[in-house]
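The opening residue of the sequence shown carries number 63 in the working numbering; numbering runs sequentially from there. All C-beta atoms, glycine included, are put in the ideal place defined by N, C-alpha and C. On a predicted model such as this, the values are computed, not experimentally measured, just so you know. Just below is one structure, and these are the notes that go with it.
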Amino acid sequence: MRALLLFFLTLSPALASAQDTDLELVLLADASGSIDARETAFQRQGYAAAITDPEVVAAIQRTAYGSIAVTYVEWASNQVTVVDWTRIDGPETAQGFADALLVPPRQAYGRNAIGAALLEGLRLMEENDIDGWRRVIDFSGDSANNWSGPSIEEARAEVLAAGVTINALPILRPDDPGRAQGGLEALYEDRIIGGRGAFVVTAEDRASFAEAVKRKLILEISGEMPKRDYALGLR
Numbered sequence: 063m064r065a066l067l068l069f070f071l072t073l074s075p076a077l078a079s080a081q082d083t084d085l086e087l088v089l090l091a092d093a094s095g096s097i098d099a100r101e102t103a104f105q106r107q108g109y110a111a112a113i114t115d116p117e118v119v120a121a122i123q124r125t126a127y128g129s130i131a132v133t134y135v136e137w138a139s140n141q142v143t144v145v146d147w148t149r150i151d152g153p154e155t156a157q158g159f160a161d162a163l164l165v166p167p168r169q170a171y172g173r174n175a176i177g178a179a180l181l182e183g184l185r186l187m188e189e190n191d192i193d194g195w196r197r198v199i200d201f202s203g204d205s206a207n208n209w210s211g212p213s214i215e216e217a218r219a220e221v222l223a224a225g226v227t228i229n230a231l232p233i234l235r236p237d238d239p240g241r242a243q244g245g246l247e248a249l250y251e252d253r254i255i256g257g258r259g260a261f262v263v264t265a266e267d268r269a270s271f272a273e274a275v276k277r278k279l280i281l282e283i284s285g286e287m288p289k290r291d292y293a294l295g296l297r
């Protein structure tokens, strides 16, 4: 895919000048009532470890533009930007993002407002000064409930209409069979993901979270399609 993009950039200088990074990526992380302070810190550490992983950094450097722009947002009944838009093009900028992610206190609380979270991801893309070739919202959570704000269906439709892809990372809870075995993956596939090449990658438990995030980031950065062994569905 990179070779194809480089070919089109060569043919169209206007396209090359119109965009300045390969991917705008909003990381939407669950901070609702089912996620305690320890788990919030664990999630941040998982994303920090993944974004600095040599394989992830190499995937970024292999993109046509050699960089991506990332922001990290925690969502609950409100949404809070933990790390603002950061351009990552190598180990140093990746480490800077990771370091910034581990410092701020938690400020998102309450019950799920998934629709509002998706719309906040879209707003952050629409109002930034970055022009990415692709735009992706990376949504993670441990349920599909929506207790306040816009419905998931309304928000999802608006995001997809703007040309943004939504991928999802359901976090299964082995201590809660109603979520883990009741079809959380299928709910995320049916109700949340969408757009070109959208997919679900599952964190089977807390121990596998960082590895699942790493796999998901590599797929999103490279623009590749996931294998069925860890992706429930494609849309």
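For Q141, the secondary structure class from DSSP, reduced to helix, strand or coil, is strand. Two segments are said to touch when three or more pairs of C-beta atoms, one from each, lie closer than 8 Å; by this definition the stretch 206-214 touches the stretch 171-178.
G245 has its alpha-carbon roughly 33 Å from the corresponding atom of I130. A156 and F271 have their C-alpha atoms spaced approximately 19 Å apart. Residue range T83 to D92 is occupied by the beta strand (DSSP E) that includes E86. Linking E215 to L180 through their CA atoms gives a straight-line distance of about 10 Å. Approximately 7 Å separates the beta-carbon atoms of R168 and E136; this is inside 8 Å, confirming the contact. In this structure, A160 keeps its C-beta atom at 8 Å or more from the C-beta atom of A103. In this structure, DSSP gives E266 a state outside helix and strand, which the three-state scheme calls coil. For P212, no beta strand (DSSP E) run applies, since DSSP gives it neither H nor E. Residue pairing by DSSP leaves I280 without any beta bridge partner. In the three-state reduction of the DSSP assignment, E188 falls in the helix class. Proximity to D92 across D115, L163, A170 and T114 peaks at A170, based on C-alpha coordinates.
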